[in-house]
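Using the UniProt record's numbering, you'd call the opening residue of the sequence shown number 1 and step up by one each time.
Below is one structure, written out as structure tokens; comments come after it.
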Amino acid sequence: MYTYNILATIYQDHIAQWLELPSAIGMVPGSNPETRAVEFTRLLHVPDLRSNLLSCLYLAQHKGFNITISAHSIDFKYQGRTLFTATIHSNNSAELDGSTLTSETAFSVSTLPVDLSLWHRRFIHHNYADVKSMISKDLVSGLKLESNSSPDSICEPCLAGKMHSLPFPSSLNHNRSPLELVHSDLHGPLPVASHSGYKYWITFIDDATRFRAVYLLKAKSEAFEAFKVYKSWAETQLGVKLRALQDDKGGEYMSNAFKSFTELAGIERRHSTRNRPQQNGLAERANRTMGERITAMLSESRLPASFWGECISSMVHVWNMLPTASLSGTTPFQAFYKRKPDVSHLRVWGCTSYVHVQRDKRNSLQPHYEKCVFIGYPAGYKGWKFYSPVTKRTVISERADFDERYFLGTSKAQLEAVPSFACTPESLPLPNDTLSYSGLPPLQDEGGDNHFPPARPKTPTPSASVPPEEKPVLPLPLPVIPPFIPPVIPPVTPPQIHAPLPVTPPTAGAPLEPPHVPRRTGRVRKPPGQWWKLKQPDLAGNDSDSDDEVALLADSEFCEVEFAGAISGADPRSYRLAMKSPDSDCWTEACNTEIFNLEANGTWELMELPPGKKVVNSGWVFKVKRLADGSIERYRACLVAKGYSQRPGFDFTEVFAPTFRPASLRLIIALAAREGYKMRSVDISSAFTYGELEEEIYMRQPEGYHIGSPNMVFRLRKSLYGLKQAARQWNKKLRSVLEGIGYSRLRADSSIYIYSKGDIKVIVPIFIDDITLVSKSDAAMTSAVTELSKHFKLRDLGSTTLLLGIQVKQDRSHHTISLSQEHYIKELLERFNMDDANPLSTPLAPGSELSDIVPSLEEQAEMKSVPYLNAVGALQYLATMTRPDIAYAVSYLGRFNSNPAPAHWLAVKHLFRYLIGTMHYKLVYRASDSQVLFTTYSDASHGACKATGRATGGYVTLVSGAAVGWSSKRQPFVTLSSTEAEFVAAVEAGKEIKWTRNILTEFGFPLTLPSTLFVDNKSGISVAKNPEHHGRMKHLDLRFYWLREAVEEGLIDPLYVSTHEQVADILTKAVAKKVVEFAVPLLGLE
């Protein structure tokens, strides 16, 4: 047991006989020599006491501690973990084991777990019921509780600010469309002007979303200018026009200019009757509540009343993230922006904060932090806003530590001077009809204040401070909340690169690997475990970032490899290995080409790394590009950024970029075969570098191409492969180009575009930088390629023969298009040393049932050298793209990924042996003039999983004679009968049918007849058509009865098919040879 001194307190000078303290912090021992911090809150300082006292009863009853007393010690456990201990002495007193932590370093330690009371204060003293609702209903992200302790029974700031009369009655009418009605009310004059001289605020609340915007005003006459700014902003954000404005008919709303403006804009005016403010109750209540909250916030923070501008700015920022009863379980932010707000950045307003001082703003003997007051979330910046009591200036910084239980404001004796900001409706000034409009400069919110009454200069201010002469002009309302990420410092113009970077040759005298020897039929066989070990190259001498990680970065040209879960052993996994390989000349040329293309595209600027900036590492990825027949097309070197070192919120925000579903691609190919369309491929060179970067990112120079001093780096101007936002930025650029030349994006699959004009139709599926054009018109496709070449450097690959590693054969004489992965299967069989095995006729042994029991220690040791996960992952790509006949087998084997046993590995090898005899299988789509565009089969195997009792469901959709969409999954819950299992499987198939109908309609193939769904269970069909078997099906979730509505609407027609003719049977169980032989041709495999 480690022993050390009792915890010390941190406190201000005491008043009279006692003082409530914010906290006490000390260090306690863990299970190892390291220590951790624990904080005690709401302490009383009593000078006459000779010892510090801690109530065990209070901790047990109110804070959820479990206290265990033994002969010589006491253990204080919280949520099952010993948080701290005490030693019992001979005089029967116990003393906490701990060490003192001084106030100067207290800010850097973590506090007790975040509880409900803390979030109540972060949410500007919002009621506990709504805070609990936000947690239970998952209304926001970033709201986490680390303690389940009960909230404080009394909140003094709430008492200070919330002594008001009964609320106004709520309106019975609630508009559903944004900007259909906006409520507005002006509040003031305030008893104290803000630091910028503001005396009023005006509120605008959208009735539909309850989203509020607030502007600070110096005079009532500024209300009209505020309305114009709000109208412009809100209409731009929502894409709709403001239709009606509700106000109290105050003089600020009744000027001639205001009236003329709303009449010309077609805005309906609604006014409340004089002395009846309840008719404008929504805005009136909002202003009254904001006044109460200002009083509570100033009371808690102990800041002067002149800080009310900062209060209201922060309040509105937070308020729009809080739920309201009128929105039925959502927040104004989500209703307005259509995305869930993140509250992880919220802190208690007015609390003590320790703001980092940058190195160039202090000398080596000065502290690294400045003690400040947290005063808000600055509009137009990405960080927090702080007030320095020493320099009387505001500071904006993303680097700070917060003590949310300690405040730097005035003493308690001065709190009586804080005025109330809550005006009741009766106390509002009467309207003044004599006010007239006068021209105003653009509005500023209180966030624009950057200095306070001057004081003599002391310690330097951090560089994040806003200079006094640079007051930001903010034409947006206060509640515009950008994603919370640190501020981006304006870029420094770097020197231009006027010459290509030199190529550094490999180190002279470096030993070369022996030349590649062609594989002989009679090679010495090695077990799979040895292969697994050989795939890990020696990376000695490289930087700390593993080249294995670099190899996984997503260059789209390597995506087929990433899908496969394997990288060919012929491709070097590092720059060093590439330069040592027999093909080093080819790789050097590929690297030179890559560097030249990136420089020509203006991807970066060479400059010294600015102080305090983080740098992202770079790396090389190498790939031998092959033709459809497997021969080498070219050597490809790709320079990538090691994006896994990027920091969310700092180096990137949004990362999503769409890619088409495999079913979408197959459906397009099936339609091409049916209608006689041609397919043509285009490859965009260095596609990601066309995307403009919105963040400030610095990258190390690539290995072999470094020039200048060691501190010289690339400031990235364009996105680069490996950056987390690269695909998104490229997609935004490509979308703008395609839409500019007349293409529109599908709603059913946002990675597919279509051009349709008269008889000309061009379908364009996009997989990152691989673009395929599908059309009857050669001229239309040529025109598209020409337009794209005006914006991008591209290679026109002609008729499509290879797509995502899949061989595509267009046989126009037989009107077929086939998809094959024969080369991929051969590579897999060689890689896993299965190419010489004897073939089998089924994917799995018929009726096989594998156990998920934890393997023995001997079996676990044996499986450590077996690449089970790699094999299943590689097979998954095959099952997803072109081989529906192995979909069940791969899905079944994937259930054991976490703990495979030798029996599972034998099943994987069984599947490999099936592929040996069927590697030539290909999906063949044929021309057809049938009026029925597609049919679907669904099936279920009730209770197939013995471990869980759940059924396995499957479906397949057939278009142009072959499978387009298929699925084989274990159902998510236990079904009680085969009827129930078949019905659930039919629902999943119905969802696929609905999607297929939607995308076919967008392709220009509208369906007027119901789509056929074949099911081999008559009871399941009956339930889908009518509310039969109620007693046996009443427990199912209502969502499953969507299928019955689809049947009633004429979208789906479920029909019976016998089990012997059920194509989807192969997707639900390990079937016998005759079932496989029956299903394979019906799936379109030949």
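Heads up, the beta-carbon is just placed ideally off N, CA and C, and yes, glycines get one too.
Check                                                                                                                                                                           : Outcome
What number of angstroms, rounded off, separates the C-alpha of Lys1086 from the C-alpha of Glu982?                                                                             : The sequence given here places Glu at residue 1086; Lys does not occur at that position. Rounded to whole angstroms, Glu1086 to Glu982 spans 29 Å at the Cα level.
For Ser848, which residues from the same chain have a beta carbon less than 6 Å from its beta carbon, with the 5 sequence-adjacent residues on both sides left out?             : Ala1070
Thinking Ile999 and Ser664 are a contact (beta carbons under 8 Å), I'd like their distance in whole angstroms, please.                                                          : 7 Å
Is it the case that the segment 306-322 contacts the segment 283-295, given that we only count it when at least three CB pairs across the two stretches are under 8 Å?          : yes
So, helix, strand or coil for residue 1096, using DSSP?                                                                                                                         : Absent from the model: residue 1096. The displayed extent of the chain is 1 to 1086, so no value can be given.
Which residues does DSSP pair with Leu819 in a beta bridge?                                                                                                                     : Val808 and Leu923
Closer than 6 Å by C-beta to Ala670: which residues in its own chain qualify, once you throw out the five before and the five after it? Chain order, please.                    : Tyr925, Val959, Ser960 and Val964
Give the secondary structure of Phe1003 by DSSP, where H, G and I count as helix, E and B as strand, and everything else as coil.                                               : coil
So, at 6 Å on beta carbons, what are the nonlocal neighbours of Met297 in its own chain, with the 5 sequence-adjacent residues on each side left out?                           : Cys311 and Trp349
Considering only residues of the same chain and omitting the five flanking positions on each side of Lys228, which have a CB-CB separation below 6 Å?                           : none
Per DSSP, what kind of secondary structure is Lys761 in: helix, strand or coil?                                                                                                 : strand
Check whether the segment 180-189 and the segment 244-254 touch, using three or more Cβ-Cβ pairs below 8 Å as the test.                                                         : yes
Among Arg339, Ser1011 and Thr1068, which has the Cα closest to the Cα of Leu1051?                                                                                               : Ser1011
Which same chain residues, not among the five before or five after Asn711, have their C-beta less than 8 Å away from its C-beta?                                                : Glu608 and Leu609
Can you find the residues in the same chain that come closer than 6 Å, C-beta to C-beta, to Leu1007, ignoring five residues on each side of it along the sequence?              : Arg997
With distance defined between alpha-carbon atoms, name the residue in Arg176, Ser775, Glu180 and Asp651 nearest to Arg270.                                                      : Glu180
Taking the alpha-carbon of Leu969 as reference, which of Gly990, Cys945 and Ile853 has the nearest alpha-carbon?                                                                : Inspection of the sequence shows that residue 969 is occupied by Lys rather than by Leu. Looking at the Cα atoms, Cys945 is the closest of the given residues.
At the level of alpha carbons, what is the spacing between Val1015 and Asp939?                                                                                                  : 6 Å
DSSP beta-bridge partners for Glu605?                                                                                                                                           : Arg715
DSSP three-state label for Phe224, please.                                                                                                                                      : helix
According to DSSP, what are the bridge partners of Gln246?                                                                                                                      : His183 and Arg270
Under the rule that 16 or more other beta-carbon atoms within 10 Å means buried, what is Glu739, buried or exposed?                                                             : exposed
Give me, in chain order, the residues of the same chain whose beta-carbon lies closer than 6 Å to that of Ala1072; leave out the 5 immediate sequence neighbours on both sides. : Pro846
Find out if the Cβ-Cβ distance for the pair Leu850, His904 is shorter than 8 Å.                                                                                                 : yes
The beta strand (DSSP E) that contains residue 1152, what's its start and end?                                                                                                  : Outside the displayed span of the chain (1 to 1086) sits residue 1152, for which this structure offers no information.
Run through DSSP, which three-state label would Met699 get?                                                                                                                     : strand
Measure the alpha-carbon distance for Ala94 versus Ala86 and round it to whole angstroms.                                                                                       : 6 Å
By the three-class DSSP mapping on this structure, what secondary structure does Thr521 have?                                                                                   : Caution applies to Thr521, whose pLDDT of 38 falls short of 50 and renders its modelled position unreliable; the value that the coordinates give is listed next. Three-state DSSP puts Thr521 in coil, outside helix and strand.
Quick check: the Cα distance between Leu139 and Asp206, rounded to an integer number of angstroms?                                                                              : 20 Å
How long is the line joining the alpha carbons of Tyr705 and Gly805, rounded to whole angstroms?                                                                                : 31 Å
Exposed or buried, what is Pro765 when buried is set at 16 or more other beta-carbons lying within 10 Å of its beta-carbon?                                                     : buried
According to the neighbour-count rule (16 or more other Cβ atoms, all chains shown, within 10 Å of its Cβ), is Asn617 buried or exposed?                                        : buried
Quick one: any contact between the segment 777-792 and the segment 672-688, if contact means 3 or more CB pairs under 8 Å?                                                      : yes
Where does Lys991 fall in DSSP's three states?                                                                                                                                  : helix
Measure how close the beta-carbons of Glu404 and Ser388 come, nearest whole angstrom, since I'm counting them as under 8 Å.                                                     : No, Glu404 and Ser388 are not in contact; Cβ-Cβ is about 18 Å, not under 8 Å.
Short check: CB of Leu242 to CB of Ile202, under 8 Å?                                                                                                                           : no
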